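Some notes on the structure that comes next.
Structure, rendered in structure tokens:
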């Protein structure tokens with residue numbers, strides 16, 4: 001079977017050195033495996049992912065020497081695929097409308113912590129979703145639904161875990177009760193490698209779609225990898241823990257599991273990972289300052 005890798009940036013800002021590392025590493029590993037590398041444009045956020053940013057991203061990758069096999073999949077052109085996958089999960093009774101606003105969630109957390117308790121946080125540090133019934137009565141939930149208020153569609157994690165294994169508090173299982181795991185050829189933040197046991201329960205009831213965005217990163221990425229025949233997912237260590245959610249969704253949707261390779265992150269002088277949202281120096285700015293692709297490769301340790 002031919003090895004298929006993919007580089008899948010979200011064009012909601014200009015590419016930086018961290019993206020360059022991931023793109024070049026995908027290309028290098030694909031060549032070493034005698035396989036191919038794809039470019040996927042993850043533009044489900046149709047407001048922030050503008051045509052200008054997409055064009056700039058493609059120009060930066062061309063300058064860098066990144067070559068991917070066409071055609072390039074654009075997520076914004078495949079919302080029907082994600083809707084069909086969401087329908088399958090809904091048919092299993094695993095999706096519910098979630099109406100709590102960010103402010104209401106903050107209030108639940110604030111109240112709990114003011115009483116001396118600790119509110120559970122997901123691996124990214126965000127409060128785990130408390131569930132609508134912590135604040136809202138069934139009548140209020142029904143009223144919000146009738147009014148058509150904005151809401152998210154969330155995965156009922158407890159039901160999902162019960163469907164694939166022993167559920168919360170036990171070992172999450174795959175087919176025939178086997179532990180839900182993934183094969184890791186890179187390393188996690190703490191050096192984890194080899195066969196990794198997934199713990200999706202740490203994320204709580206993750207968002208699968210919103211009223212104004214018919215999919216989420218978690219849902220679209222696992223479906224795209226399957227539809228594109230991706231065999232190897234090479235990405236940054238910041239997504240290591242999210243793989244647990246991806247393995248759960250793959251199991252629920254009967255999708256194949258790629259081999260995962262999470263690579264080191266490029267950080268600034270303070271140890272913080274580079275980020276588009278933080279305005280870290282973009283590749284096009286480095287180009288304007290006289291950097292060459294060789295300079296970028298050297299900075300990335302390649």
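Residue numbers (UniProt numbering): 1 to 302.
Just so you know, even glycine gets a beta-carbon here, dropped at the ideal spot from N, CA and C.
Only a predicted model underlies this, so the values are computations on that prediction, with no experimental measurement involved.
(message) Considering only the alpha carbon of each residue, which of 8, 66, 87 lies closest to residue 24?
(response) Mapped onto the chain shown, residue 24 falls at position 24. Of 8, 66, 87, the residue nearest in Cα terms is 66.
(request) Please report how far the alpha carbon of residue 115 lies from the alpha carbon of residue 29, in whole angstroms. (result) Residue 115 sits at position 115 when you count from the first residue of the chain shown. Residue 29 sits at position 29 when you count from the first residue of the chain shown. Answer to the nearest angstrom: the Cα atoms are 51 Å apart.
(request) List the endpoints of the continuous alpha helix (DSSP H) containing residue 295. (result) The residue labelled residue 295 in the question sits at position 295 within the chain shown. Taken as a continuous stretch (DSSP letters only), the alpha helix (DSSP H) holding residue 295 covers 293-299.
(request) Please work out which residues of its chain come closer than 7 Å, Cβ to Cβ, to residue 300, disregarding the five sequence neighbours upstream and downstream, and give them in chain order. (result) As a first step, residue 300 must be located in the chain shown, where it is residue number 300. Excluding positions up to five away in sequence, the list reads 17, 20, 21, 24, 266.
(message) Below 8 Å, how does it come out for the segment 208-218 and the segment 282-290: are there three or more Cβ pairs, yes or no?
(response) no
(request) Reducing DSSP to helix, strand and coil, say where residue 33 ends up. (result) Locating residue 33 in the chain shown gives position 33, counting from the first residue. Reduced to three states, the DSSP call for residue 33 is coil.
(request) Leaving out five residues on either side along the sequence, give the residues of the same chain with a beta carbon under 8 Å from the beta carbon of residue 142. (result) The count along the chain shown starts at 1 and reaches residue 142 at position 142. Here the set comprises nothing.
(request) Can you give me the start and stop residues for the alpha helix (DSSP H) that residue 243 sits inside? (result) For the purposes of this step, residue 243 is identified with residue 243 of the chain shown, where counting begins at 1. First-last of the alpha helix (DSSP H) with residue 243: 243-252.
(request) Assign residue 94 to buried or exposed, taking buried as 16 or more other Cβ atoms, counted over all protein chains shown, within 10 Å of its Cβ. (result) Numbered from its first residue, the chain shown carries residue 94 at position 94. Classification of residue 94: buried, given that the 10 Å Cβ count is 16 or more.
(message) Is the separation between the beta-carbon of residue 72 and that of residue 186 shorter than 7 Å?
(response) One-based indexing of the chain shown puts residue 72 at position 72. One-based indexing of the chain shown puts residue 186 at position 186. Contact flag unset, no.
(request) Pick out the complete beta strand (DSSP E) segments inside the segment 95-183, 3 residues or longer, and give them in chain order. (result) 95-98, 152-155
(message) On the DSSP bridge list, what partners appear for residue 196?
(response) Residue mapping note: residue 196 aligns to position 196 of the chain shown, counting from 1. Paired residue(s): 182.
(message) Using 8 Å for Cβ pairs, my map puts residue 228 next to residue 6. What's the rounded Cβ distance?
(response) Translated into positions along the chain shown, residue 228 becomes position 228. Translated into positions along the chain shown, residue 6 becomes position 6. Going by Cβ atoms, the distance from residue 228 to residue 6 rounds to 7 Å, so yes, they are a contact pair.
(message) For residue 168, which residues in the same chain have their Cβ closer than 7 Å to its Cβ, ignoring the five residues on either side in sequence?
(response) The residue given as residue 168 occupies position 168 in the chain shown. Because the pLDDT at residue 168 is just 45, under 50, the model does not fix this residue reliably, and the point stays unresolved.
(request) Look at the alpha carbon of residue 105 and the alpha carbon of residue 221, and state the distance between them as a whole number of angstroms. (result) Taking the first residue of the chain shown as position 1, residue 105 is located at position 105. Taking the first residue of the chain shown as position 1, residue 221 is located at position 221. For residue 105 and residue 221, the distance between alpha carbons rounds to 27 Å.
(request) Count the C-beta pairs between the segment 43-53 and the segment 74-81 that are closer than 8 Å, then say yes if the count reaches three, no if not. (result) yes
(message) Can you give me the C-alpha to C-alpha distance between residue 184 and residue 144, rounded to a whole angstrom?
(response) As a position in the chain shown, residue 184 is number 184, starting the count at 1. As a position in the chain shown, residue 144 is number 144, starting the count at 1. Their backbone Cα atoms lie some 43 Å apart in a straight line.
(request) Sort out for me which residues DSSP pairs residue 39 with in a bridge. (result) Here residue 39 corresponds to residue number 39 of the chain shown, with the count starting at 1. The partner list for residue 39 (beta bridge, DSSP) reads 7.
(message) Between residue 60 and chain B, is the shortest Cβ-Cβ distance under 7 Å, so that the two count as touching?
(response) Judged by its chain identifiers, the structure shown contains no chain B, having just a single protein chain.
(request) Would you check if the distance between the CB atom of residue 86 and the CB atom of residue 209 is smaller than 7 Å? (result) Here residue 86 is taken as the residue at index 86 of the chain shown, counted from 1. Here residue 209 is taken as the residue at index 209 of the chain shown, counted from 1. Yes, they are a contact pair.
(message) The beta strand (DSSP E) that contains residue 236, what's its start and end?
(response) Mapped onto the chain shown, residue 236 falls at position 236. Segment 232-236, the beta strand (DSSP E) holding residue 236.
(request) Would you mind stating whether residue 152 and residue 180 have Cβ atoms separated by less than 7 Å? (result) Counted from its first residue, the chain shown places residue 152 at position 152. Counted from its first residue, the chain shown places residue 180 at position 180. No, Cβ-Cβ distance for residue 152 and residue 180 is not below 7 Å.
(request) Starting from the C-beta of residue 194, find all residues in its chain whose C-beta is less than 7 Å away, skip the five residues before and the five after it, and write them out in chain order. (result) If you number the chain shown from 1, residue 194 lands on position 194. Correct list, in chain order: 184.
(request) Report the partner residues of residue 262 according to the DSSP bridge assignment. (result) Locating residue 262 in the chain shown gives position 262, where the first residue counts as 1. Paired residue(s): 235.
(message) If contacts are defined as beta-carbon pairs under 8 Å, then residue 232 and residue 8 qualify, I think. What distance do you get, rounded to the angstrom?
(response) Along the chain shown, one-based indexing puts residue 232 at 232. Along the chain shown, one-based indexing puts residue 8 at 8. At roughly 12 Å, the Cβ-Cβ gap does not stay under 8 Å, so residue 232 and residue 8 are not in contact.
(message) By the DSSP assignment, the beta strand (DSSP E) with residue 209 in it spans what residues?
(response) Residue 209 sits at position 209 when you count from the first residue of the chain shown. Per DSSP, residue 209 belongs to the beta strand (DSSP E) from 207-210.
(message) So for residue 78, helix, strand or coil by DSSP?
(response) As a first step, residue 78 must be located in the chain shown, where it is residue number 78. Correct three-state label for residue 78: coil.
(message) Is the beta carbon of residue 247 closer than 7 Å to that of residue 205?
(response) Here residue 205 corresponds to residue number 205 of the chain shown, with the count starting at 1. Here residue 247 corresponds to residue number 247 of the chain shown, with the count starting at 1. No, the Cβ-Cβ distance between residue 205 and residue 247 is not below 7 Å.
(message) How far does the alpha helix (DSSP H) with residue 285 in it extend, from its first residue to its last?
(response) Residue mapping note: residue 285 aligns to position 285 of the chain shown, counting from 1. It spans 283-288 - the alpha helix (DSSP H) in which residue 285 sits, taken as one unbroken run.
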